[in-house]
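Student: Numbering (the working numbering), first residue to last: 112 to 216.
Ideal Cβ positions, reconstructed from N, Cα and C, are used throughout, including at glycine.
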Amino acid sequence: FVLLANMFLIIQPAMLYLKSAKQARSEAIRVGLSLEMNDEGIVVSSKGESIDFKWESGFRSRIVPGIIIIYVDAVRGYLLPDRYTKENKEKIVAVLKEKTRVSLL
112 FVLLANMFLI
122 IQPAMLYLKS
132 AKQARSEAIR
142 VGLSLEMNDE
152 GIVVSSKGES
162 IDFKWESGFR
172 SRIVPGIIII
182 YVDAVRGYLL
192 PDRYTKENKE
202 KIVAVLKEKT
212 RVSLL
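So, in structure tokens, the structure goes:
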């Protein structure tokens, strides 16, 4: 029982920490992502590569104090903290309310 408890209380969190530390040092994370909204959807780009998500694919979004969450599919989502949206937050929220299913908290 003690060994099983240690796996979930000590070993698993330590492994997650090490994995996230390695990921944070990667070039892709340090460069960051750029999100652009247009009439067709959202374009996510980083280091010259980009991917398009069309509005027709049925996005969901959640607007909570301090952050906007855009779910582009069942696995992938993008977080937009207020420090990055600043003066454009009202425009972003208006577009998301028009183009996606929005849940407010």
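Could you tell me whether the Cβ atoms of Ala132 and Lys158 are closer together than 9 Å?
Tutor: No.
Student: What three-state label does DSSP hand Glu160 in the structure shown?
Tutor: Glu160 falls in the strand class under three-state DSSP.
Student: Can you list, in chain order, the stretches of the beta strand (DSSP E) that have 3 or more residues and sit fully within the region 115-201?
Tutor: Listed in chain order, the complete beta strand (DSSP E) runs (minimum 3 residues) inside the region 115-201 are 145-148, 152-157, 160-165, 171-175, 178-182, 188-192.
Student: Can you give me the Cβ contacts of Gly169 inside the same chain, cut-off strictly under 6 Å, excluding the 5 residues immediately before and after it?
Tutor: Once the five neighbours on either side are set aside, Gly169 has no close Cβ partner at all.
Student: Are the Cβ atoms of Arg187 and Val213 separated by less than 9 Å?
Tutor: No.
Student: Tell me which same chain residues have a C-beta within less than 8 Å of the C-beta of Glu151, skipping the five on either side of it?
Tutor: Asp163, Lys165, Trp166, listed in sequence order.
Student: From Ile121 to Lys208, what distance separates their C-alpha atoms?
Tutor: Approximately 42 Å, taken between the alpha carbons.
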